[in-house]
Amino acid sequence: METMKKRKKSLFLLLIIILPGAIAFAGAAAPGSCFVLERVDPSLLLPPLGQGGKVTGYKYVEGEIVGVEPDACWLVDEIGDKWCFRLRPETRVYINGFPGNPQAMRPVAPGAFYWAGIWARDDEAVAIEAAYYGGELVVESSSPYELRGWSPERQRSFSLKTRKGWTLGDLFPGQMVYVLLDLEGRIRRVQILNTISPAGELPEGVE
């Protein structure tokens with residue numbers, strides 16, 4: 013009997029340890045490094061075509077999802093304008109290429125936001141394609157508009173370009189960075205995880 017109680021207690025503690033991780037796994041929807049996104053079929057996103065084969069009466073906005081409530085979400089576009097879109101039960105939502113719950117678009121961490129493209133009519137979201145993907149890279153080379161880095165997890169190099177009008181800061185070979193990508197696989201955010209150059213010296217400007 014005592015042994016059975018110990019087993020039940022151990023199982024209970026194991027569930028406490030595992031379940032929070034499983035919940036975080038489902039909420040983030042982007043475990044591990046991923047530099048290629050499975051896009052949603054446009055026919056599932058585009059509103060019905062009007063006369064002349066054109067989409068009329070709708071607008072399309074891309075940017076970072078900075079907040080989500082049960083009936084609304086907030087998006088900040090590239091020029092810093094903040095948009096509020098109403099969420100309806102019939103709003104079609106896709107997360108990292110698959111049908112999902114809009115609540116999964118909540119910020120993963122401070123400053124770590126989902127990127128989304130939203131088709132809307134007035135202020136009502138009709139269809140949303142959202143993604144949170146990227147990963148760690150060891151910088152091999154960089155320019156203002158392109159980064160080449162080695163993925164320790166994927167064991168291969170990736171060459172990634174920035175979004176139009178967005179430039180990279182100074183990066184040095186050997187630095188570890190975390191990159192986030194937009195729907196087109198272009199760099200939208202870079203976080204430097206270390207600041208030590210291969211020579212063991214701090215890069216210029218870092219104290």
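Under the working numbering, read the sequence shown as residues 13 to 219, first letter to last.
Every residue gets a Cβ at the ideal spot worked out from N, C-alpha and C, and that includes glycine.
Being a predicted model, the structure only gives us computed values, none of them experimental.
Would you decide whether residue i is buried or exposed? Buried here means 16 or more other CB atoms lie within 10 Å of its CB.
| i | result |
| --- | --- |
| P114 | buried |
| A121 | exposed |
| L56 | exposed |
| C85 | buried |
| L183 | buried |
| L205 | exposed |
Just verifying my parser: in three-state terms, what is the DSSP assignment at residue i?
| i | result |
| --- | --- |
| P156 | coil |
| L192 | strand |
| Q115 | helix |
| A34 | The predicted position of A34 is uncertain, since its pLDDT is 26 and thus under 50; a value taken from the coordinates is nonetheless stated next. The answer is helix: DSSP assigns A34 an H, G or I state. |
| S45 | coil |
| L56 | helix |
| Y144 | coil |
Along the chain, where does the beta strand (DSSP E) containing residue i start, and where does it finish?
| i | result |
| --- | --- |
| C85 | 84-88 |
| K71 | 71-81 |
| K176 | That residue, K176, is in no beta strand (DSSP E); it is neither H nor E in DSSP. |
| Y106 | 104-107 |
| C96 | 94-98 |
| A128 | 126-133 |
| R200 | 199-204 |
Would you please state the rounded distance, in angstroms, between the beta carbons of residue i and residue j? I believe it to be under 8 Å.
| i | j | result |
| --- | --- | --- |
| W127 | R51 | Going by Cβ atoms, the distance from W127 to R51 rounds to 13 Å, so no, they are not a contact pair. |
| V78 | F47 | About 24 Å separates the two Cβ atoms, so there is no contact after all. |
| P164 | T179 | Going by Cβ atoms, the distance from P164 to T179 rounds to 26 Å, so no, they are not a contact pair. |
**Message:** Count Cβ pairs between the region 158-174 and the region 92-109 that sit closer than 8 Å; are there 3 or more?
**Reply:** no
**Message:** Using a Cβ distance threshold of 8 Å, determine whether the region 164-172 contacts the region 122-141, with at least three qualifying pairs required.
**Reply:** no
**Prompt:** How about the region 144-159 and the region 87-95: do they share at least three Cβ pairs that are nearer than 8 Å?
**Reply:** Touching, no, given that fewer than three Cβ pairs across the two stretches are closer than 8 Å.
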